[in-house]
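Visitor: Just passing along the structure, written as structure tokens.
Number of protein chains: 4
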Amino acid sequence: MKYVAVIGSSGNINENLRKICKKLGKELGKRYILVTGGRDGVMEEVAKGVKEVNGKIIGILPFDENGNKFNSLEIKTGLDYQMRSFILIKSADAVVSIGGEIGTAIDILIAYANKKPLILFKGTGGWTDRFQKVLLDGKFLDSRKLTEVKIANNINEVVNILKNVLGE
Amino acid sequence: MKYVAVIGSSGNINENLRKICKKLGKELGKRYILVTGGRDGVMEEVAKGVKEVNGKIIGILPFDENGNKFNSLEIKTGLDYQMRSFILIKSADAVVSIGGEIGTAIDILIAYANKKPLILFKGTGGWTDRFQKVLLDGKFLDSRKLTEVKIANNINEVVNILKNVLGE
Amino acid sequence: MKYVAVIGSSGNINENLRKICKKLGKELGKRYILVTGGRDGVMEEVAKGVKEVNGKIIGILPFDENGNKFNSLEIKTGLDYQMRSFILIKSADAVVSIGGEIGTAIDILIAYANKKPLILFKGTGGWTDRFQKVLLDGKFLDSRKLTEVKIANNINEVVNILKNVLGE
Amino acid sequence: MKYVAVIGSSGNINENLRKICKKLGKELGKRYILVTGGRDGVMEEVAKGVKEVNGKIIGILPFDENGNKFNSLEIKTGLDYQMRSFILIKSADAVVSIGGEIGTAIDILIAYANKKPLILFKGTGGWTDRFQKVLLDGKFLDSRKLTEVKIANNINEVVNILKNVLGE
Chain G
1 MKYVAVIGSS GNINENLRKI CKKLGKELGK RYILVTGGRD GVMEEVAKGV KEVNGKIIGI
61 LPFDENGNKF NSLEIKTGLD YQMRSFILIK SADAVVSIGG EIGTAIDILI AYANKKPLIL
121 FKGTGGWTDR FQKVLLDGKF LDSRKLTEVK IANNINEVVN ILKNVLGE
Chain L
1 MKYVAVIGSS GNINENLRKI CKKLGKELGK RYILVTGGRD GVMEEVAKGV KEVNGKIIGI
61 LPFDENGNKF NSLEIKTGLD YQMRSFILIK SADAVVSIGG EIGTAIDILI AYANKKPLIL
121 FKGTGGWTDR FQKVLLDGKF LDSRKLTEVK IANNINEVVN ILKNVLGE
Chain A
1 MKYVAVIGSS GNINENLRKI CKKLGKELGK RYILVTGGRD GVMEEVAKGV KEVNGKIIGI
61 LPFDENGNKF NSLEIKTGLD YQMRSFILIK SADAVVSIGG EIGTAIDILI AYANKKPLIL
121 FKGTGGWTDR FQKVLLDGKF LDSRKLTEVK IANNINEVVN ILKNVLGE
Chain E
1 MKYVAVIGSS GNINENLRKI CKKLGKELGK RYILVTGGRD GVMEEVAKGV KEVNGKIIGI
61 LPFDENGNKF NSLEIKTGLD YQMRSFILIK SADAVVSIGG EIGTAIDILI AYANKKPLIL
121 FKGTGGWTDR FQKVLLDGKF LDSRKLTEVK IANNINEVVN ILKNVLGE
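Right under this line is the structure:
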């Protein structure tokens, strides 16, 4: 099974985003192992969806912190919030981004720097939308063109792009 | 479920040690999630045993390396052999050591420095036995007495000590 | 003495940028210890300037790599390009960004996440200019407003902002 | 100039050890750049000696901690006590060990694992003396024989071994 990381806002997220996350989780949980930062917000809501279809979730946690209750497995990295992102991204076969503040922005760039297939879920706000405005040629995060950033308009498109890059 | 890390020699290990590892894996796999460095030698043999009883194994891998085929889940840390040991140990609720060269020696000390319940499996050679000769008061790895090192003479004793420290 | 990190494009940089870097280095070298990623491009050109005024340069290098010949001191982190950025940024009292590809983009975000005084040198291209287009309220890199990003139009402004935030 | 790391006990150390450290520092400071963990105990006392002969000291600090007042330069790694040891050791051309608790023990093993020239200063206690009892063939820290561990009986011998391995 392949590993898909979902990155995005921690803390409180709005009702609409929560619904999208849970629905996306249900789709991902059928096909992939979910990898997240293991905490609240987007990470927790997607994990709920994965759990409903009996999928697996790995939470890659900072320091010695405990994660949300949906993690099937937890890795306590002993690293701070941003450094633990490297472990998260390097373990993933593909990365999906939803909304997000500075932590998510760093995750997105690390994914690109590591040439991971990277999907920005359009309309979810934060850095996921902000980075779309400054893509080079509409698809790259720097002039080295390390990997083509994909834009998805809805859950269906996220799933289809993942199928394309990871195989059915 | 609790996480038990088994650390020990990579590479070729002798027939006797392989048997012990597999048998220990069967015991651990019934009660705990196994965490290992994800590679060959002790890590692989214990994982075989865990697999036989349908237990779960997390492999915490260095760099972008692939692990042995028994890992249920793999975390690619992007870190070198020794630095990835920190992630391995910090994720564990208890640590069992079997044989081992320099990498295992570092794992043992990191476990002690992080106050993890630590069991040295007597008679398995390498640093697992070597450290027993230099324990302070027969149970500490430095004068700060961070955690009491336990010595197990056989698989039964390993299992009983784990039950004691992690609960039934 | 305070530590100022200069981050920016590695590899070949154009003649104009080289001049700016060297001139900036001369100003920084009189007052601060320069911290860089220790390699070529912006890092090397600024270091040249610092060296001309007998200032000090610390190069924070990835893996076991050797740095440019202007480093007064080198730290070999054993970490990959992006992870070593954390050490670089955390050691700095302030950060100045010039041009830059994905690595610099990550540096900029890590600086903001760590609430370091951060100066984007306008007109130097790359992510230094690109991030200016997506600042919230013209000065923040996310809605948490962790630290106010400063824009400098020339070397004088860089120096004055540094004096303001670090003291004369 | 070459970099020599001195590792050893933090906290209070006895008068005799303090004298040895300071005297060693004076010798090292004339020829090498000293790298330490930047804190108190052995690190500080050796640094005092280096300072007296106008040598340079780099302190590689954990988290965002401040170091002792003798550091010429400080690197704040953002890493915990043990993980920052990797940066310390990887930056060194040779390592000298004096006394020491669990942290020093980890430093010693990391030095060996990284094939760094490693000198144990005999009679200084702690893990520096303890490891001498379990060396394989009197000079190796595991059966892979990664690097030959040297034993020095006094400051003169430390200096001579360093000259041998690093050049005059």
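These protein sequence lines map, in sequence, to chains G, L, A and E.
Mapping the first sequence onto UniProt numbering, position 95 (from 1) lands on 95, and the numbers just tick up by one.
Mapping the second sequence onto UniProt numbering, position 57 (from 1) lands on 57, and the numbers just tick up by one.
Mapping the third sequence onto UniProt numbering, position 60 (from 1) lands on 60, and the numbers just tick up by one.
Mapping the fourth sequence onto UniProt numbering, position 167 (from 1) lands on 167, and the numbers just tick up by one.
Positions of the beta carbon are idealized from the N, C-alpha and C atoms, including for glycine.
I believe G78 of chain A touches D80 of chain L by the beta-carbon criterion, under 8 angstroms. Please report the beta-carbon distance rounded to the nearest angstrom.
Guide: Indeed they touch by this definition, with Cβ atoms about 6 angstroms apart.
Visitor: State the DSSP-derived secondary structure class of L136 of chain A, mapped to helix, strand or coil.
Guide: Reduced to three states, the DSSP call for L136 of chain A is strand.
Visitor: Between I33 of chain G and I60 of chain G, which are expected to be in contact by the criterion C-beta below 8 angstroms, what is the C-beta distance as a whole number of angstroms?
Guide: Contact doesn't hold; Cβ gap of about 12 angstroms is too wide.
Visitor: Using the beta-carbon of each residue, which ones in chain A are nearer than 9 angstroms to G103 of chain L?
Guide: Residues of chain A passing the Cβ test: none, with the nearest at roughly 15 angstroms.
Visitor: Find out if the Cβ-Cβ distance for the pair I102 of chain E, A113 of chain L is shorter than 9 angstroms.
Guide: Contact: yes.
Visitor: Within the same chain, show all residues whose beta-carbon is closer than 8 angstroms to that of A45 of chain A, passing over the 5 residues directly before and after it, in chain order.
Guide: One point to set straight first is that residue 45 of chain A is Glu, not Ala, in the sequence displayed. The residues are I13, L17, R18, C21, K22, G25.
Visitor: Taking only the alpha-carbon atoms, compute the straight-line gap between E52 of chain G and S72 of chain G and give it to the nearest angstrom.
Guide: Taking the straight line from one Cα to the other gives about 12 angstroms.
Visitor: With three or more beta-carbon pairs closer than 8 angstroms as the criterion, would you say the stretch 130 to 139 of chain L touches the stretch 148 to 160 of chain L?
Guide: Output reads yes: the stretch 148 to 160 of chain L touches the stretch 130 to 139 of chain L.
Visitor: Identify which residue in A:T104, A:E27, A:W127 has its Cα closest to the Cα of G36 of chain A.
Guide: Note that residue 36 of chain A is Thr in the sequence shown here, rather than Gly. When only C-alpha atoms are compared, the closest one is A:T104.
Visitor: Indicate whether at least one CB of chain L lies closer than 9 angstroms to the CB of N40 of chain A.
Guide: Here residue 40 of chain A is Asp; the residue named in the question, Asn, does not match the sequence. Cβ-Cβ to chain L under 9 angstroms: no for D40 of chain A.
Visitor: Determine, for I106 of chain E, whether the minimum Cβ-Cβ distance to residues of chain L falls below 9 angstroms.
Guide: Interface residue, yes.
Visitor: Grab me the residues of K122 of chain E's own chain with a C-beta within less than 6 angstroms of its C-beta, minus the 5 sequence neighbours each way, in chain order.
Guide: Same-chain partners within the cutoff: I151, N153.
Visitor: Alpha carbon to alpha carbon, how far is N160 of chain E from E15 of chain E?
Guide: Cα-Cα distance, rounded: 25 angstroms.
Visitor: What residue range does the alpha helix (DSSP H) around E157 of chain G cover?
Guide: It spans 155 to 166 - the alpha helix (DSSP H) in which E157 of chain G sits, taken as one unbroken run.
Visitor: For the alpha helix (DSSP H) holding F63 of chain L, just list the boundary residues, first then last.
Guide: Here F63 of chain L belongs to no alpha helix (DSSP H), and DSSP marks it neither H nor E.
Visitor: Check the Cβ of L28 of chain L against every Cβ in chain G and list those closer than 7 angstroms, keeping chain order.
Guide: The contacting residues do not exist; L28 of chain L stays about 15 angstroms from chain G at best.
Visitor: Report the three-state DSSP secondary structure of Y112 of chain G (helix, strand or coil).
Guide: It is helical.
Visitor: Can you pull the chain E neighbours of S143 of chain L, defined as C-beta to C-beta under 7 angstroms?
Guide: Chain E residues near S143 of chain L: E101.
Visitor: Nearest chain A C-beta to L146 of chain G closer than 9 angstroms, yes or no?
Guide: True, the Cβ-Cβ gap to chain A drops below 9 angstroms.
Visitor: Kindly list, in the order they appear in chain B, the residues whose Cβ is closer than 7 angstroms to that of D80 of chain E.
Guide: Any reference to chain B falls outside this structure, whose protein chains are G, L, A and E.
Visitor: In this structure, how does DSSP classify K76 of chain E when only helix, strand and coil are distinguished?
Guide: K76 of chain E: strand per DSSP, three-state reduction.
Visitor: Report the residue from L:S9, L:A92, L:E168, L:L135 whose alpha carbon sits nearest the alpha carbon of K115 of chain L.
Guide: Checking every option, the nearest Cα to that of K115 of chain L belongs to L:A92.
Visitor: Ordered along the chain, which non-local residues of its own chain (more than five positions away) have a Cβ less than 6 angstroms from that of G41 of chain A?
Guide: Same-chain partners within the cutoff: S9, S10, G11, I13.
Visitor: Within 10 angstroms of its Cβ, does G167 of chain A collect 16 or more other Cβ (buried), or is it exposed?
Guide: By the neighbour-count rule (16 or more Cβ atoms within 10 Å), G167 of chain A is not buried but exposed.
Visitor: Could you have a look at T104 of chain A and say whether DSSP puts it in helix, strand or coil?
Guide: Helix, per DSSP.
Visitor: For I110 of chain L, return the contacting residues in chain E, with the cut-off set at a CB-CB distance below 7 angstroms.
Guide: Residues of chain E passing the Cβ test: Q82, I106.
Visitor: Can you find a C-beta in chain G that's less than 9 angstroms from the C-beta of F131 of chain A?
Guide: Yes, because at least one Cβ of chain G sits closer than 9 angstroms to the Cβ of F131 of chain A.
Visitor: Return yes when the C-beta of A94 of chain G is under 8 angstroms from any heavy atom of the ligand GDP, and no when it is not.
Guide: Inclusion of the ligand GDP in the displayed structure is not the case, the ligand content being empty and no account of it being possible.
Visitor: Please classify M43 of chain A: is it buried, with 16 or more other beta-carbons within 10 angstroms of its beta-carbon, or exposed?
Guide: That one is buried.
Visitor: Less than 9 angstroms between the C-beta atoms of G49 of chain E and E27 of chain E, yes or no?
Guide: Yes, the Cβ-Cβ distance between G49 of chain E and E27 of chain E is below 9 angstroms.
Visitor: For the alpha helix (DSSP H) that contains Y81 of chain L, what are its first and last residues?
Guide: Counting along the chain, the alpha helix (DSSP H) containing Y81 of chain L begins and ends at 81 to 90.
Visitor: For T36 of chain E, list the residues DSSP reports as bridge partners.
Guide: According to DSSP, T36 of chain E bridges with E:G59.
Visitor: Rounded to a whole number of angstroms, what is the C-alpha to C-alpha distance between I57 of chain L and I89 of chain L?
Guide: I57 of chain L and I89 of chain L: Cα-Cα distance of roughly 14 angstroms.
Visitor: Hey, could you find the ends of the alpha helix (DSSP H) K30 of chain L is sitting in?
Guide: Where K30 of chain L is concerned, the enclosing alpha helix (DSSP H) stretches over 15 to 31.
Visitor: Rank G:G55, G:Q82, G:K69, G:N54 by C-alpha distance to the C-alpha of I7 of chain G and give the top, closest one.
Guide: Selected option, being the one with the closest Cα: G:Q82.
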